[in-house]
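Colleague: Numbering (UniProt numbering), first residue to last: 1 to 243.
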Amino acid sequence: MTQSAFIAAVLDPDAPIPMGLTDASDRPVAARFNVYRNNVAVSLKEALSSGFPAIKSLLGAAFFDAMTGVYLRAHPPKSPRLALYGETFPEFLAGFEPVRHLPYLPDVARLEYALRQSYHAADATVLTAEALQHPEAFTRPLRLAPSVFWIESASPVTQIHAAALGGSNPTGGAEDALITRAGFDPVATGFPPGTSAVLTALNAGTPLSEALNFAPGALDLSAFLCALLTGGALTLPQDTAHV
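1) Considering glycine 173, what are the terminal residues of the alpha helix (DSSP H) in which it resides?
2) Let me know if glutamine 133 comes out buried or exposed under the rule of 16 or more other beta-carbons within 10 Å of its beta-carbon.
3) In the DSSP assignment, find the unbroken alpha helix (DSSP H) run with alanine 8 in it and report its ends.
4) Under three-state DSSP, which class holds threonine 128?
5) Would you decide whether tyrosine 85 is buried or exposed? Buried here means 16 or more other CB atoms lie within 10 Å of its CB.
6) Have a look at the DSSP bridge pairing and note the partners of threonine 180.
7) What does a CB cutoff of less than 7 Å around serine 50 pick up in its chain, not counting 5 residues either side in sequence?
8) Would you say proline 207 and proline 141 are within 7 Å of each other, going by their C-beta atoms?
9) Could you give the C-beta distance for proline 193 and aspartate 176, rounded to a whole number, given that I count them as a contact under 8 Å?
10) Just the Cα atoms here: how many angstroms apart are leucine 93 and leucine 105?
11) Anyone know if the C-beta pair for residue 285 and leucine 115 falls short of 7 Å?
12) Closest to threonine 230 by C-alpha separation, out of Met67, Ala41, Ala182 and Gly173, would be which residue?
13) For glutamate 152, which of helix, strand or coil comes out of DSSP?
14) Could you tell me whether the Cβ atoms of serine 196 and glutamate 136 are closer together than 7 Å?
15) Applying the 10 Å Cβ sphere with the 16-neighbour rule, what's the burial state of residue 256?
16) State buried or exposed for aspartate 107, treating a residue as buried only when at least 16 other CB atoms are found within 10 Å of its CB.
17) Near alanine 15, which residues of its chain fall below 7 Å by C-beta distance, leaving aside the five closest residues on each side in sequence?
18) Assuming methionine 67 is part of the alpha helix (DSSP H), what are its boundary residues?
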């Protein structure tokens with residue numbers, strides 16, 4: 001029996017018990033294996049449920065449970081870090097026929113996964129508002145902290161996410177979502193499309209004064225800079241952010 005055959009049997013509830021699994025008396029262990037098989041599925045479903053609460057809310061608990069059963073068998077974990085399971089869930093949603101009529105779902109899942117990545121990202125020494133007041137702060141290369149992520153969406157993704165968790169109904173259209181983490185809890189803030197160009201430039205080491213030249217006309221620069229500072233997003237060049 002190979003490891004791949006064992007894993008395939010664990011993930012497929014209709015697969016036969018792998019040959020060679022016996023107890024101390026050399027008897028088949030079908031009942032024990034089925035318990036183990038069920039526990040694996042339950043654990044992975046619970047990880048997806050805690051990792052994508054807005055998706056679960058938008059689709060309903062029963063549908064989410066059935067859908068994640070399909071997902072976990074097609075996309076088993078590739079890392080022992082169960083807290084980050086579901087990296088391919090947004091792409092799965094984009095191709096899952098029963099939810100094709102909800103085109104915003106993949107972006108909501110990307111946002112939720114980015115929030116989780118931000119939560120688990122490394123700490124960094126960030127620039128304070130006082131440090132940014134120094135003239136050289138606008139002309140020296142900067143980076144974004146490891147906890148900073150962003151996504152581009154054709155939908156008001158931060159508002160949909162908030163509404164799914166009990167907030168107000170979403171309004172507006174496309175937005176770029178910025179994820180920052182000042183303390184322990186990541187925050188997602190929506191900005192006009194095109195804002196990601198500023199973030200990409202900053203993360204490439206472009207000075208703030210030059211990076212802001214990429215800002216879309218609709219961007220409120222004061223609100224944007226406030227989000228970067230209060231979110232602990234700006235740091236010195238040794239750290240790198242993620243998209």
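C-beta: ideal position from N, C-alpha, C; glycine also.
Modeller: So, from the data block:
1) That residue, glycine 173, is in no alpha helix (DSSP H); it is neither H nor E in DSSP.
2) Under this definition glutamine 133 is an exposed residue.
3) Here the alpha helix (DSSP H) through alanine 8 covers 3-11.
4) Here threonine 128 sits in coil by DSSP.
5) So tyrosine 85 ends up on the buried side.
6) Under the DSSP definition of a beta bridge, threonine 180 partners with Val187.
7) Result list for serine 50: empty, nothing under 7 Å.
8) Yes.
9) Rounded, the Cβ-Cβ distance is 6 Å, consistent with contact.
10) Cα-Cα distance, rounded: 7 Å.
11) There is no way to answer for residue 285, as the model of the chain reaches only from 1 to 243.
12) Per the Cα distances, Ala182.
13) Note: glutamate 152 maps to strand in three-state DSSP.
14) Not a contact, by the Cβ cut-off of 7 Å.
15) Residue 256 is absent from the structure shown; the chain starts at 1 and stops at 243.
16) By the 10 Å Cβ count, aspartate 107 comes out buried.
17) Contacts found: Ala8 and Ala9.
18) Run containing methionine 67: 61-74, per the alpha helix (DSSP H) assignment.
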